[in-house]
Every structure is written in C-alpha cells, then in structure tokens.
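Letter by letter, the sequence shown follows residues 53 to 224 of the working numbering.
First the structure, in the form of structure tokens, and then the observations on it.
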Amino acid sequence: TDLKPDLIQARYQLGQLYLMGKDVTHAQEQLAKIKAQNVSAVEGNYLAAELAMAQKKPDEALEELQAAINKEPGKASVYVDMGQVQMSQKDFKSAEASFRKALEIDPKLARARVALAQLYIATGNQARAEEELIAGTKADPENEALLHVLGQFYSSTRRFDQFEKLYQDLLK
C-alpha cells in the first residue's frame with residue numbers, strides 16, 4: 053500500500069535530517085521505507101542521490117537524479133542538484149547545461165543562478181559569474197539572497213564601489 057504523500061515527504065525530510073547529522077544508517081532506513089511503500093516516489097530518488105553523495109558515490113547520485121528527472125522532468129531544482137554533482141566531478145560543460153536547463157524551466161530560480169556563478173568562478177570566468185548574478189537580480193529583483201550573493205561577489209573581487217552602490221540601492 054502507498055503511504056500518503058505527506059508521510060513520504062516526512063520520511064524524506066527525516067532522511068535529510070539524518071544525513072545532516074552524518075547518520076547514514078538511519079537515512080538508509082528511511083530510504084528503504086519510502087521505496088518499500090511506494091517504489092515510484094520521487095523522494096526516494098532524491099534521498100538516494102543525497103545518500104550517494106554522502107558516501108562519495110557521485111555516479112550513483114547522477115543515476116538517481118536522472119531517475120527523478122524521468123519522473124518529474126519539469127522540476128528545475130533537480131537539474132541544479134544534477135549540475136552540482138557534475139561540478140563536483142569537474143564536468144563543467146555538463147554542469148553548465150544542467151544549470152541552464154533549470155533556468156529554462158524556472159528563470160527566477162536563484163539556486164541555479166548562484167550555481168552558474170560558482171561554476172564560472174571555479175573556471176576563472178568572473179565576468180560571466182557577474183553577468184549571471186546580475187541577470188538573476190533582474191529576473192527577480194526582490195530576491196534579497198541573490199542580491200546578497202552579488203554583494204559578496206563584489207566584495208570578494210574588491211569592487212567596493214559596486215558593492216556600495218548595490219547596497220545603497222537596496223536600502224532606498
């Protein structure tokens with residue numbers, strides 16, 4: 053029998069909590085319970101991917117994320133997760149494509165913009181990183197978290213004049 057969707061979500065969140073505490077055994081138990089009660093629940097794929105990354109098995113994480121995409125192809129955040137795994141493997145081209153797919157689905161998704169900016173910084177392209185962050189603030193000008201990341205970028209690149217202008221504009 054299937055669990056109610058809210059109970060599956062609760063098991064997923066409990067599994068995430070265990071992973072945050074580095075308790076892989078209990079996270080695996082929650083994953084087994086999700087899959088036993090509803091093998092097609094996409095939360096099982098998400099938790100399995102997170103478990104795989106915690107166990108330093110990025111190929112398994114990518115398989116689980118692809119399975120999640122096959123079940124819910126319109127969920128932008130899964131593409132961001134996939135891109136982050138690809139980035140951890142230094143597969144920057146695939147990671148960029150995953151982040152771009154996330155933005156194609158949801159142009160306001162700040163996580164995707166920040167991930168792209170991080171990718172560009174990691175590959176030495178600060179100009180593209182700045183472009184992505186600015187594009188994100190234009191797509192969602194009320195997103196304070198994204199504005200803060202842009203401010204951090206200006207500060208870390210010692211561009212204090214842009215940093216000051218950004219925050220002065222924000223405080224108006």
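For glycine and all other residues, C-beta sits at the position ideal for the given N, C-alpha and C.
Just so we're clear, the structure is a prediction, and the values are computed from it rather than from any experiment.
At a cut-off of 3 residues, not a single continuous stretch assigned as beta strand (DSSP E) sits fully inside the segment 145-197. With contacts defined by Cβ atoms closer than 8 Å, A100 and L71 do not form a contacting pair. Listed in chain order, the alpha helix (DSSP H) elements of length 4 or more contained wholly in the segment 93-139 are 94-106 and 110-123.
Per DSSP, K224 lies in no alpha helix (DSSP H) segment and is marked neither H nor E. Taking C-alpha positions only, I86 is separated from R211 by approximately 49 Å. Assigned with DSSP and collapsed to three states, G67 falls in helix. V132 places its beta carbon less than 8 Å from that of A154.
In this structure the segment 109-127 does not lie against the segment 72-82, because fewer than three pairs of beta carbons, one per stretch, are closer than 8 Å. Excluding residues up to 5 positions away in sequence, A79, Q82, L83 and L99 lie with their Cβ nearer than 7 Å to the Cβ of G67 in the same chain.
Put simply, the backbone Cα of V166 is about 7 Å away from that of L185. Collapsing the DSSP output to three states places G203 in a helix. In this structure, A120 lies away from A164, with their beta-carbon atoms at least 8 Å apart.
Here DSSP, grouped into helix, strand and coil, assigns Q82 to helix. For E95 and R63, the gap between their C-alpha atoms comes out near 9 Å. Shown here, D213 sits in a helix according to DSSP, grouped into three states. Your pair L199 and L223 does not check out as a contact, with CB atoms roughly 11 Å apart and the cut at 8 Å.
With respect to the 8 Å criterion, A169 and F205 are classified as neighbours on the basis of their beta carbons.
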